[in-house]
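Visitor: As given, the protein sequences belong to chains A and B, one line each in that order.
Converting from the first sequence to the numbering used here requires adding 904 to each position, the first position being numbered 1.
Converting from the second sequence to the numbering used here requires adding 1327 to each position, the first position being numbered 1.
This is the structure I have questions about; it appears just below.
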Amino acid sequence: MDFNDTAEENNFRLEVREWLEKNAPQDKKIGGYDSIDVEESALERAREWQAKKADAGYAAITWPKEYGGLGASSIHSVIYSQEEAKYNVPSGIYDIGLGMCIPTMMAWATKEQNERYVEPALYGKEIWCQLFSEPSAGSDVAGVRTKAEKDGDDWLINGQKVWTSGAHFCDFGIIVVRTDPKAPKHKGLSFFFLDMKSPGIDIKPIRQISGGSNFNEVFFTDVKVSDNQRLGEVGEGWKVALTTLMNERLAIGVPKSADYSSLTQLAKNVILNNKPAIKNDLVRSKIADWYVQSEGLKYTKMRSLTSLSKGETPGPESSIGKIVSAPKMQDLASFAMDLQGAAGILNDPDIALMHSIFQNQWMSAAGYRIAGGTDEILRNIVAERVLGLPQDIRVDKTVPFNELPSGR
Amino acid sequence: MNFDFSEDQKLLKEQVARYLSDNCPIEVVRGVLEGDDYYSSSVWKGLVDLGLTGATIPEEYGGLGLGPLELCVIAGELGRVSAPVPFSSSVYMATESLKLFGTDQQKEKWLPKLASGEIIATFALSESAIEPNPNNIKCSFSSGKLNGRKMPVPDGSYADLCITVVNDQKGGADKIKMAIVSLDELGVNKKSLKTLDQTRDHAELIFDNVDAELMNNSDDGWNDVQHIFDIAAILMAFEQIGGAEASLSMAKEYALNRFAFGRQIGSYQAIKHKLADMYIKIELAKSNSYFGAMMLNDDGADLKIAAAASRVAATDAFNYASQENIQTHGGIGFTWEADTQFYYRRSQVLGLALGSIASWKDKLVTQLEEKNIS
């Protein structure tokens, strides 16, 4: 047992290191985008970095060479990410496009369309977004109501999407819409890609509970889409959507957050019952629990990487990541705030201990427990796909969509 | 990246699993629970014949000369069938103690007998419900004689040899030592104790001026004891994970075949989420224990913290899986006829064998502070 690279992996790592050393920007200020207010200059720098990576083949390491990838395995992609993470390079802007949208295009679009769209996306010239969730279709994403109706050779889209990352600076999007409301839920869907600058698209930022804005609502009023922008057959949009969703769990993770080590640091610096909090047994017990969870996830990842390194598909253990880490983010932050007593409510980074990291984390964790699959949906997935338990009884599978009860 | 067991180790695992599924079905465990035997001597003999009691004993002493990773996979399979045999006491604790702290003479005398199955050994630290520490060990050793009481001692009713943690009565910082004592000596009084899990014997041992021999401990004998506990924590974690996986699989089978309100109970989210939580805890325990195994194999600097993390995670996984297995079964799971009880009982025997989890968590954080991660 070891964590070492194989000789071939090590060669690749050295090659990547050398390339990053020569090419990665040294500017410390370039971060990812964690707010909707991405300045044009930040986008420009992200584009430049993406183009450099694409030229070297590192922008999509696992894609086939014909699409500008490196045709290498997932372990190479992981090695590249590990090395790139040592630099403060722009990140996040292309994850959804290259992680979910373009793989869906590659699976379902025509050869000509892929020749047109893949390369500009890979080089960062065109940014893509994903338009699935709706106010009435969250966990039950097949329950979308945004409709597309035939208009000659074209389609007219009307309705509303929500939680769309980056919609305001994206060039293209993929969208799942209802084309037959009389068919049962999954059977009446179709799938399109579209130009986000089309007339009739109205984009409004969502203000989150934390006060920040990372997502948008997107409204569609008679948005015209050509029939050749349809992916898959009419009524078979769900099948196409599954391609995208399969890639979702690869693209959406939980960000690095304050963990047991930050909590330990805090506990050394605050006092409980006249002693440093770190001497308190309950505090020690909690730190131990979160240590075990964090290390458990870290070594679970090592187990998955071992499979990748051997050229195998990782086992189902990789499915536990977000179920464990998202609630941990929230619980640990809440506990850390408790250690600060009444001052735990302070959310001003200039006054609050450790620059409010726990307060901010507590607010954002409430969202991470929902994004990309709620705690509950993810448990269903483990139970059904890993353990082989039956699906819940579904009352909506055979009923025409427009006859389903819809609540308020 | 090679964070997995080798093909050879996986083959060994399959071999042990096959032997146990053929020779240690749950009826054998029930037989020990309901009968007068302290353990299943036939299952034990089979393990001896496979060479497993000598798995990590060097070849010069008649063992197989394998490493701790092999012991980890064996432990997992023993846990899966809730085997009623003295493997954890005789192999993880006593044999490992002899290997690390026995004098050459003691190793020559006892290791071949442990490998060949001629004797069974155990390890005795606990003396009462008070957590042992270097200042409250009353069992004493002086002038070659052992006096005092140990309880509960695993497999103490029938083990031949006992590594006993003693106070040498000299009052120095190195007062804690390990002593080897034959349990068939005159002056050894054994009393089998009623415990939660009668498939694993525990006894009270009273030593009255019994001939014993000190081992070759370091200047800090208490630290040596902790080291043995760290090793055992990782091996037992694999045993606990085996038991937890068996509990989950039993619960799953039941949830698929039991119908209530017109459908499989496994189709209800309350049951699905419960089983998913078992799976999550098991995977967290496995990943921590894999790292523990690696530290054990490499004698790595992080052995202590890895042992504590394996201990905490695996105890949580097995306790949860075995108790929620009963809950998933409903009333039938609470009956004497049901097999759920074997894992429920065993989870506490394994979970408490090395001291309370509260203590292990405290040790873990002490290690964290020492490592200065923060």
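For glycine and all other residues, C-beta sits at the position ideal for the given N, C-alpha and C.
Everything numeric in this text was worked out from a predicted model, so none of it was measured.
1. Do the CB positions of B:G1593 and B:S1649 come within less than 9 angstroms of each other?
2. Could you tell me which whole alpha helix (DSSP H) segments of length 4 or greater appear in the segment 959-995 of chain A?
3. On the CB-based measure, 16 or more other CB atoms within 10 Å of its CB, does A:H1259 come out buried or exposed?
4. Tell whether a beta-carbon distance below 9 angstroms holds between A:Q1234 and B:L1611.
5. Cβ closer than 7 angstroms: which chain A residues qualify as neighbours of B:L1691?
6. When the cut-off is 9 angstroms and only beta carbons count, does B:Y1595 lie next to chain A?
7. My guess is that B:L1347 and B:V1408 are in contact by the Cβ rule of under 8 angstroms, so how many angstroms apart are they, rounded?
8. Shortest alpha-carbon distance to B:L1427 belongs to which of B:I1503, B:R1527, B:H1554, B:S1453?
9. Of all Cβ atoms in chain E, is any one closer than 9 angstroms to the Cβ of B:M1328?
10. Cβ closer than 8 angstroms: which chain B residues qualify as neighbours of A:L1209?
11. Buried or exposed: where does A:I1249 fall if 16 or more other Cβ atoms within 10 Å of its Cβ makes it buried?
12. Give the secondary structure of A:I940 by DSSP, where H, G and I count as helix, E and B as strand, and everything else as coil.
13. Please name the residue, chosen from A:K1029, A:I1006, A:T910, that lies closest to A:N1018 on a Cα-to-Cα basis.
14. Could you check the C-alpha separation between A:E1288 and A:D1296 for me, to the nearest Å?
15. Got a sec? Which residues, its chain only, sit under 7 angstroms from A:N1306 by beta carbon, not counting five neighbours each side?
16. Can you grab the Cα-Cα spacing for the pair B:S1701 / A:S1165, in whole Å?
17. Classify A:Q1265: buried if its beta carbon has 16 or more other beta carbons within 10 angstroms, exposed otherwise.
18. Within the same chain, show all residues whose beta-carbon is closer than 7 angstroms to that of B:A1634, passing over the 5 residues directly before and after it, in chain order.
19. So, under 8 angstroms CB-CB, A:V982 and A:W1059 are touching, yes? Tell me the CB distance rounded to an integer number of Å.
20. So, is the C-beta of A:R917 closer than 9 angstroms to a C-beta in chain B?
21. Shorter than 9 angstroms from the beta carbon of A:G1200 to some beta carbon of chain B?
22. Just grab the DSSP bridge partners of A:G1077 for me.
23. Identify, in the order they occur along the chain, each residue of the same chain with its Cβ nearer than 8 angstroms to the Cβ of B:E1435, setting aside the five sequence neighbours on each side.
24. Out of curiosity, what's the CA-to-CA distance linking B:N1474 and B:D1431?
25. Between the C-alpha atoms of A:K1089 and A:I1061, what's the straight-line distance to the nearest angstrom?
26. Along chain A, in chain order, which residues have C-beta atoms closer than 7 angstroms to that of B:A1582?
27. Would you list, in sequence order, the uninterrupted alpha helix (DSSP H) runs of no fewer than 4 residues that lie entirely inside the segment 1156-1225 of chain A?
28. If you run the structure through DSSP and keep just helix, strand and coil, what is A:D1279?
29. What span of residues does the alpha helix (DSSP H) with B:C1466 cover, start to end?
30. If contact means a Cβ-Cβ distance below 7 angstroms, which residues of the segment 1632-1651 of chain B contact chain A?
31. Between which two residues does the beta strand (DSSP E) carrying A:H1259 extend?
32. Looking at the C-beta of A:A1243, does it have a partner C-beta in chain B at a distance below 9 angstroms?
33. Let's test the definition: count the other Cβ atoms within 10 Å of the Cβ of B:D1524 and tell me whether it reaches 16, buried, or not, exposed.
34. Taking the alpha carbon of B:S1614 as the reference point, which residue from A:N1178, A:E919, A:S1208, A:L1135 has its own alpha carbon closest?
35. What distance in whole Å lies between the Cβ atoms of A:F1124 and A:T1050, which are believed to be in contact at a cut-off of 8 angstroms?
36. Along the chain, where does the alpha helix (DSSP H) containing B:V1639 start, and where does it finish?
Guide: Judging by the given coordinates:
1. No, the pair does not count as a contact, with Cβ atoms beyond the cut-off.
2. DSSP runs (the alpha helix (DSSP H)) wholly in the segment 959-995 of chain A: 978-988.
3. A:H1259 should be labelled exposed.
4. For A:Q1234 and B:L1611, no; Cβs fall outside 9 angstroms.
5. Those are A1192, Y1195, listed as they occur along chain A.
6. Yes, B:Y1595 counts as interfacial toward chain A.
7. Confirmed, about 5 angstroms.
8. Ranking the options by Cα distance to B:L1427, first place goes to B:H1554.
9. This model lacks chain E altogether; the protein chains it does include are A and B.
10. What A:L1209 touches in chain B, judged by beta-carbon distance under 8 angstroms, is M1328, F1330, going in chain order.
11. A:I1249 is exposed by the Cβ-count criterion.
12. The pLDDT assigned to A:I940 is 46, lower than 50, so where the model puts this residue is not dependable; a value taken from the coordinates is nonetheless given after this. DSSP places A:I940 in coil when its eight states are reduced to three.
13. It is A:I1006.
14. Each residue's Cα considered, the two are about 9 angstroms apart.
15. Shown here for A:N1306: same chain residues with a beta carbon closer than 7 angstroms to its own, the five before and five after excluded, namely P1085, K1086 in chain order.
16. Because the pLDDT of B:S1701 is 43, which lies under 50, any placement of that residue in the model is unreliable, and the number read from its coordinates should be weighed accordingly. Answer to the nearest angstrom: the Cα atoms are 5 angstroms apart.
17. Counting every other CB atom within 10 Å of its CB across the protein chains shown gives A:Q1265 a total of 16 or more, marking it as buried.
18. Apart from the 5 residues on each side of it in sequence, B:A1634 sits with its Cβ closer than 7 angstroms to the Cβ of D1557, A1560, I1561, G1619 in its chain, given in chain order.
19. Between A:V982 and A:W1059, the beta carbon gap of about 40 angstroms keeps them out of contact (Cβ cut-off 8 angstroms).
20. Residue contact check for A:R917 against chain B: no CB pair falls below 9 angstroms.
21. At least one chain B Cβ lies under 9 angstroms of A:G1200.
22. Under DSSP, A:G1077 forms a beta bridge with A:C1033, A:L1098.
23. Within the same chain, B:E1435 has close Cβ partners Y1388.
24. For B:N1474 and B:D1431, the distance between alpha carbons rounds to 25 angstroms.
25. Looking at the two C-alpha atoms, the distance is approximately 18 angstroms.
26. The answer, in chain order, is L1293.
27. Here the runs fully enclosed are 1164-1173, 1185-1213.
28. In this structure, A:D1279 counts as helix in the three-state DSSP scheme.
29. Unbroken run through B:C1466: none, as it is neither H nor E.
30. Residues A1636, V1639, A1640.
31. First-last for A:H1259: undefined, no H or E at that position.
32. The sequence shown places Leu at residue 1243 of chain A, not Ala. Not a single CB atom of chain B sits nearer than 9 angstroms to the CB of A:L1243.
33. That one is buried.
34. Of the residues A:N1178, A:E919, A:S1208, A:L1135, the one whose Cα lies closest to the Cα of B:S1614 is A:S1208.
35. The C-beta distance from A:T1050 to A:F1124 rounds to 6 angstroms, short enough to meet the 8 angstroms contact threshold.
36. Its alpha helix (DSSP H) spans residues 1630-1656.
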